[in-house]
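Here is the structure we will look at.
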Amino acid sequence: MTSPQLLDARTADTSPGSPATGRAARRKQHAGMARKRSLAARYPGYVGYFVGAGLISGAVVHHPLDPDRYTRIAGYGAFVFLAATILNEFVLTRERPGLSRMLLVIGASLLLSFGIGMLSGGLQHFDDFPARGAVLVPAGLVVSFVAYVIKDADTPTRRIFSLVGLAVLVTATLAFLGLREVAASMESTPGGGHSHGTAEEPAADDHAPATGPASPAAPTSGASPTARPTASATAHNDGHTH
Numbered sequence: 020m021t022s023p024q025l026l027d028a029r030t031a032d033t034s035p036g037s038p039a040t041g042r043a044a045r046r047k048q049h050a051g052m053a054r055k056r057s058l059a060a061r062y063p064g065y066v067g068y069f070v071g072a073g074l075i076s077g078a079v080v081h082h083p084l085d086p087d088r089y090t091r092i093a094g095y096g097a098f099v100f101l102a103a104t105i106l107n108e109f110v111l112t113r114e115r116p117g118l119s120r121m122l123l124v125i126g127a128s129l130l131l132s133f134g135i136g137m138l139s140g141g142l143q144h145f146d147d148f149p150a151r152g153a154v155l156v157p158a159g160l161v162v163s164f165v166a167y168v169i170k171d172a173d174t175p176t177r178r179i180f181s182l183v184g185l186a187v188l189v190t191a192t193l194a195f196l197g198l199r200e201v202a203a204s205m206e207s208t209p210g211g212g213h214s215h216g217t218a219e220e221p222a223a224d225d226h227a228p229a230t231g232p233a234s235p236a237a238p239t240s241g242a243s244p245t246a247r248p249t250a251s252a253t254a255h256n257d258g259h260t261h
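Following our numbering, the numbering of the sequence shown begins with 20 at its first residue and continues without gaps.
Structural data, given as structure tokens:
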């Protein structure tokens, strides 16, 4: 090979190297910038899951106390959870699913939020509402498992009826039987369970009339109010005696 050919070969080998290296560096730089930009979006999406589930858990347990109020709170929690799901699953992801998959994920996420809310709320307020918590905890366990399998793209839907699904069902059944017995024992004992002040309010109202008449009873039992009018009356009569 002659010297001009060697020179041509060297230039052909070395010259394309710099643009390739430059493109890789630019891609790496753009990827790093994208990760930095998405941090502000990934954090609200992560927190939204927990805030939405927390609102739903409180609303599900306390719903009988004020249905209108806690229905609104459950709606707010579902909205926050769905907003976090859309942000994490469709906005920040590299591959966006189709319309059918998108609707399936949104529905499963809504079901998952209520399942987690039932499970966490039933556990947190079991002492306050034993009978209700005995139903919410196993039901939330089953609902959250089914919703998670449907939502997860890497898990086939038939895994709901797998050994894991059977284990979840058995655990939920045992939890229901055990918690129902605990709830029955708590309700049979005096003072077992309380409903956030609703049980103490009638007692306070019953004692209110008893303490009320006690204060006006003191003036009526004293003889000074009755003695003063009689004294003045006698003085008035003595002054006008004929």
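Glycine included, C-beta positions come from ideal geometry on N, C-alpha and C.
It should be emphasised that the depicted structure is a prediction, and the values quoted were computed from it without experimental measurement.
Report task. Give me the Cβ distance between residue 76 and residue 119, rounded to the nearest whole Å; I'm assuming they're in contact under 8 Å. Result -> Sequence index remark: in the sequence shown, residue 76 carries index 57 (1-based). Sequence index remark: in the sequence shown, residue 119 carries index 100 (1-based). Between residue 119 and residue 76 the Cβ distance is about 30 Å, and since that is not below 8 Å, they are no contact.
Query - Beta-carbon gap between residue 67 and residue 96 smaller than 8 Å - result: As a first step, residue 67 must be located in the sequence shown, where it is residue number 48. As a first step, residue 96 must be located in the sequence shown, where it is residue number 77. No, the Cβ-Cβ distance between residue 67 and residue 96 is not below 8 Å.
Report task. Identify whether residue 174 lies in helix, strand or coil by the three-state DSSP scheme. Result -> What you label residue 174 is simply residue 155 of the sequence shown in a count that begins at 1. Looking at residue 174 - three-state DSSP - the assignment turns out to be coil, as it is neither helix nor strand.
Requested in this report: Could you check which residue in 150, 158, 90 has the C-alpha nearest to that of residue 204?
Outcome: Within the sequence shown, numbered from 1, the residue matching residue 204 stands at position 185. That would be 150, whose Cα lies nearest to the Cα of residue 204.
Query - Any 3 or more C-beta pairs closer than 8 Å across the segment 78-95 and the segment 121-128 - result: no
Report task. Would you kindly check if the distance between the Cβ of residue 187 and the Cβ of residue 160 is under 8 Å? Result -> For the purposes of this step, residue 160 is taken as the residue at position 141 of the sequence shown. For the purposes of this step, residue 187 is taken as the residue at position 168 of the sequence shown. A contact, by the Cβ cut-off of 8 Å.
Query raised in the report: Ordered along the chain, which non-local residues of its own chain (more than five positions away) have a Cβ less than 7 Å from that of residue 107?
Result: Against the sequence shown, residue 107 aligns to sequence position 88. So the qualifying residues of the chain are 64.
Report task. Pull up the distance between the alpha-carbon of residue 59 and that of residue 109, whole angstroms please. Result -> Within the sequence shown, numbered from 1, the residue matching residue 59 stands at position 40. Within the sequence shown, numbered from 1, the residue matching residue 109 stands at position 90. Residue 59 and residue 109: Cα-Cα distance of roughly 16 Å.
Report task. Determine the direct distance from the alpha carbon of residue 157 to that of residue 191, and round the result to whole angstroms. Result -> Indexing the sequence shown from 1 puts residue 191 at position 172. Indexing the sequence shown from 1 puts residue 157 at position 138. Looking at the two C-alpha atoms, the distance is approximately 4 Å.
Query raised in the report: For residue 105, which residues from the same chain have a beta carbon less than 6 Å from its beta carbon, with the 5 sequence-adjacent residues on both sides left out?
Result: Within the sequence shown, numbered from 1, the residue matching residue 105 stands at position 86. Excluding residues within five positions, none has a Cβ falling inside 6 Å.
Query raised in the report: Which of helix, strand or coil does DSSP assign to residue 232?
Result: Residue mapping note: residue 232 aligns to position 213 of the sequence shown, counting from 1. Annotation note: pLDDT 49 at residue 232 (below 50); position unreliable, no value reported.
Query - Status (buried if at least 16 other CB within 10 Å, exposed otherwise) for residue 229 - result: In the sequence shown, residue 229 corresponds to position 210, counting from 1. At residue 229, the pLDDT of 49 sits below 50, so the modelled position is not reliable and the matter cannot be decided from this model.
Query - Cβ shell of residue 170 (< 7 Å), same chain only, five flanking positions each side left out - result: The sequence position of residue 170 within the sequence shown is 151, counting from 1. The answer, listed in chain order, is 124, 127, 128, 131.
Query raised in the report: Curious, which full-length alpha helix (DSSP H) runs of at least 4 residues does the segment 127-198 contain?
Result: 149-170
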